[in-house]
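Trainee: Here it is, the structure, as structure tokens.
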Amino acid sequence: MTCTLENHRAELASLLKPVFDSLGTQWLPVTSEQLCDRITSEDTFAVLPIPAFTNSQMDGYAVRSADLLSAAPDAPVSLPLGFTAAAGDPQLELQPGTASPVMTGAMIPAGADTVIPVEESATGTFPELVRCGHGTPSGQAAFTAPSAEGRFIRPAGVDLAAGALVAPAGTRLAPAMIAALASSGLTEIPVRRALKVALCTTGDELSNGQLAEGQIPDANSPMLAALLRRHQVEVRTIQLPDDPQGFVAAIDELQAEVDLIVTVGGISAGAYEVVRQALAERGGNFHHVAIQPGGPQGYAQLDDAAVLCFPGNPVSALLSAELFLVPLLREFNGLPEPRPEQYRLASDASSPEHKHQVRRAVIRDGQVTILDPGSHLVHDLARADALVHIPVGISQLAAGQSIETWSMNV
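Per the working numbering, the very first residue in the sequence shown carries number 1; after that it's consecutive.
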């Protein structure tokens with residue numbers, strides 16, 4: 001049976017929606033390296049206001065504005081220096097008629113209501129003693145103009161009040177949002193639990209170590225594991241036996257430990273297609289999707305896990321994941337659907353008129369070059385940075401023609 005790309009996508013979306021919906025909440029420290037790009041599972045509210053206390057916006061002098069009402073260029077007002085306030089110091093009280101040197105981010109002394117930048121003072125610099133420590137300097141500071149109440153003072157909570165919503169449920173945690181969460185006093189963040197995937201390759205020809213005669217390195221496991229981890233998935237890579245009984249036993253053990261099983265290989269029309277043989281007996285659905293490469297596809301619902309089945313050629317395996325799984329992961333992670341970009345063809349290209357081809361392409365200097373369609377060309381795959389869809393009914397594309405391309409690097 002043959003189905004369209006769109007129909008197969010819809011079937012997999014229906015299969016995986018209950019999986020995504022059941023993942024629940026995981027609490028991560030706000031400092032966790034796993035937090036970036038995760039999705040909040042609950043509304044998060046500020047424990048502290050931002051900023052947490054009223055502080056100085058500038059390096060300067062904290063004073064009472066009333067003490068400088070008469071200051072003028074020809075009649076400066078000189079005030080004795082009070083204690084120094086640096087970032088991290090506790091709050092002290094400003095004595096009337098004094099000026100306290102304050103540094104950016106320091107708590108505003110109690111009683112002060114304005115900050116005069118140091119460069120606006122008569123000397124334009126702090127006394128030497130202030131530079132050397134946080135004690136009370138001697139001497140005076142002179143000012144040649146009044147200063148408005150509240151000038152260069154950041155009130156507590158001016159950015160966000162305590163108890164205010166920081167990130168609603170469903171927010172993707174970009175670095176700036178993580179900064180807001182940390183600044184608001186949150187130490188642990190509720191996020192959707194990461195999807196746990198068992199990535200299973202099949203084939204006696206595959207080896208992860210020394211190659212015997214007739215064997216090849218397993219390229220699919222590291223390739224697809226890297227792709228899945230890019231999308232916040234916890235991945236286990238496993239090589240399964242090429243006999244149906246051993247395969248079923250391994251799958252039954254795995255399904256209790258993961259949310260999704262992705263198999264690679266063993267679903268075509270050959271005589272030793274172990275995945276197809278084993279899962280067809282358990283309600284698996286296998287068919288040919290009207291695309292090239294990547295036509296053979298399958299899926300199954302076991303008692304405790306869903307199963308996606310991709311073909312084994314590396315190009316077909318990667319394109320299958322890019323076309324059918326990555327869009328669902330992006331949606332789950334709150335990412336927008338990628339938009340195609342228009343480029344002009346660098347050279348002529350052809351495609352079988354009766355097939356929907358998904359071709360790898362290279363974008364250079366504002367032009368796109370479509371690569372060879374072979375599903376075994378791993379090095380060509382490594383060069384590609386975009387996909388081009390060539391629908392049924394189109395056999396020729398001319399150099400200079402504008403076509404849609406889809407980035408493989410998102």
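Note that beta-carbon positions come from the ideal geometry of N, C-alpha and C, so glycine has one too. The structure presented is a predicted model; accordingly, all values stated were derived computationally and were not measured.
How would you call I50, buried or exposed, if buried means at least 16 neighbouring beta carbons within 10 angstroms?
Mentor: The residue is buried, with at least 16 neighbouring Cβ atoms inside 10 Å.
Trainee: I need the straight-line Cα distance from P146 to T25, nearest angstrom please.
Mentor: Each residue's Cα considered, the two are about 55 Å apart.
Trainee: With 16 other CB atoms within 10 Å as the buried threshold, where does I370 fall?
Mentor: The residue in question, I370, is buried, as its Cβ has 16 or more Cβ neighbours within 10 Å.
Trainee: Which whole-angstrom value describes the C-beta separation of F152 and M58, a residue pair presumed to lie in contact below a C-beta threshold of 8 Å?
Mentor: Right, the Cβ-Cβ distance comes to about 5 Å (below 8 Å), so this counts as a contact.
Trainee: Along the chain, where does the beta strand (DSSP E) containing Q277 start, and where does it finish?
Mentor: Not the beta strand (DSSP E): Q277 falls in the alpha helix (DSSP H), residues V274 to A280.
Trainee: Specify the secondary structure class of G139 as computed by DSSP and reduced to three states.
Mentor: In this structure, G139 counts as coil in the three-state DSSP scheme.
Trainee: Assign H389 to one of three DSSP states: helix, strand, or coil.
Mentor: DSSP places H389 in strand when its eight states are reduced to three.
Trainee: Between the C-alpha atoms of E6 and L181, what's the straight-line distance to the nearest angstrom?
Mentor: Cα to Cα, E6 sits roughly 39 Å from L181.
Trainee: Could you spell out where the alpha helix (DSSP H) holding F152 opens and where it closes?
Mentor: Unbroken run through F152: none, as it is neither H nor E.
Trainee: Looking only at its chain, what residues have a beta carbon closer than 6 Å to the beta carbon of A164, apart from the 5 residues adjacent to it on each side?
Mentor: A46.
Trainee: When the Cα atoms are used, what is the spatial distance from F83 to P101?
Mentor: Looking at the two C-alpha atoms, the distance is approximately 7 Å.
Trainee: Report the three-state DSSP secondary structure of F324 (helix, strand or coil).
Mentor: Reduced to three states, the DSSP call for F324 is helix.
Trainee: For S320 and V378, I'd like the C-alpha separation in whole angstroms.
Mentor: Looking at the two C-alpha atoms, the distance is approximately 15 Å.
Trainee: Under 8 Å by Cβ, that's how I've got A162 and L48 pegged, so tell me the actual separation to the nearest angstrom.
Mentor: Right, their Cβ atoms sit about 6 Å apart.
Trainee: Let me know the secondary structure DSSP gives S78 once reduced to three states.
Mentor: Residue state, collapsed to three classes: strand.
Trainee: Measuring from the CB of P18, is there a heavy atom of the ligand GTP at a distance below 7 Å?
Mentor: In terms of ligand content, the structure shown is empty, and the ligand GTP therefore cannot be addressed.
Trainee: Expressed to the nearest angstrom, what Euclidean distance is found between the alpha-carbon atoms of L254 and A10?
Mentor: Roughly 26 Å between the two C-alpha positions.
Trainee: Rounded to the nearest angstrom, what separates E273 and S407 at their Cα positions?
Mentor: Their Cα atoms are separated by approximately 32 Å.
Trainee: Compare the Cα-Cα distances from Q239 to each of T201, A269, L228 and G283 and report the closest residue.
Mentor: Ranking the options by Cα distance to Q239, first place goes to T201.
Trainee: Just to confirm the assignment, what range does the alpha helix (DSSP H) spanning V158 have?
Mentor: That residue, V158, is in no alpha helix (DSSP H); it is neither H nor E in DSSP.
Trainee: Report the option in M103, A122 and E257 whose CA atom is closest to the CA atom of A75.
Mentor: For the residues M103, A122 and E257, the minimum Cα distance to A75 belongs to A122.
Trainee: Please confirm whether V307 has its beta-carbon closer than 8 Å to some beta-carbon of chain B.
Mentor: Within the model displayed, chain B is absent; a lone protein chain is all it includes.
Trainee: Based on the DSSP output, what are the partners of N55 in its beta bridges?
Mentor: In DSSP, N55 forms a bridge with M107 and R154.
Trainee: Just checking my contact of E93 with G105 at CB under 8 Å: how many whole Å lie between their CB atoms?
Mentor: About 19 Å separates the two Cβ atoms, so there is no contact after all.
Trainee: In the DSSP assignment, what are the bridge partners of K196?
Mentor: E234.
Trainee: Considering only the beta carbon of each residue, do V264 and G294 sit closer than 8 Å?
Mentor: No; because the gap between Cβ atoms is not below 8 Å, this pair is not in contact.
Trainee: When the Cα atoms are used, what is the spatial distance from L228 to E234?
Mentor: Roughly 8 Å between the two C-alpha positions.
Trainee: I need the DSSP call for H356, collapsed to helix, strand or coil.
Mentor: Coil.
Trainee: Would you kindly report the start and end of the unbroken beta strand (DSSP E) that includes V19?
Mentor: Counting along the chain, V19 falls outside any beta strand (DSSP E), though it belongs to the alpha helix (DSSP H) covering L5 to D21.
Trainee: So who's on the other strand from N285, going by DSSP bridges?
Mentor: Partner(s): Y299.
Trainee: Between the C-alpha atoms of L328 and S183, what's the straight-line distance to the nearest angstrom?
Mentor: Each residue's alpha carbon lies about 32 Å from the other.
Trainee: Have a look at L79 and A87 and give me their C-alpha separation to the nearest angstrom.
Mentor: Cα-Cα distance, rounded: 23 Å.
Trainee: Which residues in the same chain have their Cβ closer than 6 Å to the Cβ of A225, if we skip the five residues on either side of it in sequence?
Mentor: Cβ within range, chain order: L199, V235 and T237.
Trainee: Count the other CB atoms, across all protein chains shown, that sit within 10 Å of the CB of T187; report buried if there are 16 or more and exposed otherwise.
Mentor: Result: exposed.
Trainee: Taking C-beta to C-beta, are P244 and Q277 nearer than 8 Å?
Mentor: It is a contact, given that the beta carbons lie within the stated cut-off.
Trainee: Provide the residue span of the beta strand (DSSP E) that contains S402, from first to last.
Mentor: Element bounds for S402: S402 to S407.
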